[in-house]
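**Student:**
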Amino acid sequence: LTESLPDLAAEGFDAAVWLWAPSRANSAKWSARLLAHNERILVASPSYIAMHGEPASINDLAHHECLAVHESDDRGSSWLLTHSSNVMHNIKINGALSSNSGELVRDWCVQGKGIMLRSLWDVSKLLGTGELVRVLPEYAMKDANIQWLAPFRPHTPLRVSLLRDYLAEAFRKAPWLVEPQTKRPSRTKASQRSSPS
61 LTESLPDLAA EGFDAAVWLW APSRANSAKW SARLLAHNER ILVASPSYIA MHGEPASIND
121 LAHHECLAVH ESDDRGSSWL LTHSSNVMHN IKINGALSSN SGELVRDWCV QGKGIMLRSL
181 WDVSKLLGTG ELVRVLPEYA MKDANIQWLA PFRPHTPLRV SLLRDYLAEA FRKAPWLVEP
241 QTKRPSRTKA SQRSSPS
């Protein structure tokens, strides 16, 4: 397991199951197949919402504790969110906590320490149990589809094509694509944070 995509051909890999599509600069090196749709969504714990209120708009995120995951050399503190109308927004975020470990940030979120942007596949069970709830559900980051990547070669070995087809079928009915209906904390005036005018 690795968080950096290797040079598949040079390092002798048959293929990789990868979150996110390959960059355009490297896409000519690989044969790609979409295995499952996925997106990153905004979530928080009921305890955080009860204490700090639920953001009513993406502009409200500037007044909330946002938990950042810094991947690779990324040190930016912004989220590129797409509205359901396909309008994109680059949102500057603030927060005292950040980490290069997505699992640690997820644990902080469950503990009520802030709002997190995380892959739906990773938080679907927590949404089902009510440990997390989705906030601003009309927004998501649409860059997290699950891909099969393989280096280009004249002939694909049977074992590789069989694995690819098996994974495509296994991911076809991805359980995280059906969001569970969870009981949300009630939004009272006392618990809501006012939007800036």
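Offset between the sequence shown (1-based) and our numbering: plus 60.
Ideal Cβ positions, reconstructed from N, Cα and C, are used throughout, including at glycine.
None of the values given here were measured: they were computed from a predicted structure.
(1) Express the C-alpha separation of glutamate 114 and proline 211 in angstroms, rounding to a whole number.
(2) Quick check on the DSSP output: the alpha helix (DSSP H) that includes methionine 111 runs from which residue to which?
(3) If the criterion is Cβ atoms closer than 8 Å, does the pair arginine 178 and valine 103 meet it?
(4) State buried or exposed for glutamate 71, treating a residue as buried only when at least 16 other CB atoms are found within 10 Å of its CB.
(5) I want to see whether chain D comes within less than 8 Å of histidine 130, judged by CB atoms only; does it?
(6) So alanine 92 packs on leucine 209, CB below 8 Å; how close in whole Å?
(7) When the Cα atoms are used, what is the spatial distance from asparagine 119 to glutamate 198?
(8) In whole angstroms, what is the alpha-carbon distance linking alanine 128 and leucine 180?
(9) In chain order, what residues of the same chain lie with their CB nearer than 8 Å to the CB of glutamine 207, ignoring the 5 residues before and after it?
**Tutor:** So, from the listed chains and residues:
(1) Position 151 of the sequence shown, counted from the first residue, corresponds to residue 211. Position 54 of the sequence shown, counted from the first residue, corresponds to residue 114. Approximately 45 Å, taken between the alpha carbons.
(2) Residue numbering aside, residue 111 sits at position 51 when the sequence shown is read from its first letter. Where methionine 111 is concerned, the enclosing alpha helix (DSSP H) stretches over 106-112.
(3) Numbered from 1 along the sequence shown, position 118 holds the residue referred to as residue 178. Numbered from 1 along the sequence shown, position 43 holds the residue referred to as residue 103. Contact flag set, yes.
(4) To locate residue 71, count along the sequence shown from 1; it is residue 11. The residue in question, glutamate 71, is exposed, as its Cβ has fewer than 16 Cβ neighbours within 10 Å.
(5) Of the chains in the structure shown, none is chain D; there is only one protein chain.
(6) Sequence index remark: in the sequence shown, residue 92 carries index 32 (1-based). Sequence index remark: in the sequence shown, residue 209 carries index 149 (1-based). Under the criterion of beta carbons closer than 8 Å, alanine 92 and leucine 209 qualify as touching, at roughly 5 Å.
(7) Numbered from 1 along the sequence shown, position 59 holds the residue referred to as residue 119. Numbered from 1 along the sequence shown, position 138 holds the residue referred to as residue 198. Between asparagine 119 and glutamate 198, the C-alpha separation is close to 14 Å.
(8) Position 68 of the sequence shown holds residue 128. Position 120 of the sequence shown holds residue 180. Near 16 Å, if we compare the C-alpha coordinates of leucine 180 and alanine 128.
(9) Here the question's residue 207 lines up with position 147 in the sequence shown. Once the five neighbours on either side are set aside, the close Cβ partners of glutamine 207 are Val77, Trp78, Leu79, Trp80, Ala81, Pro82, Ala92, Arg93, Leu94, Leu95.
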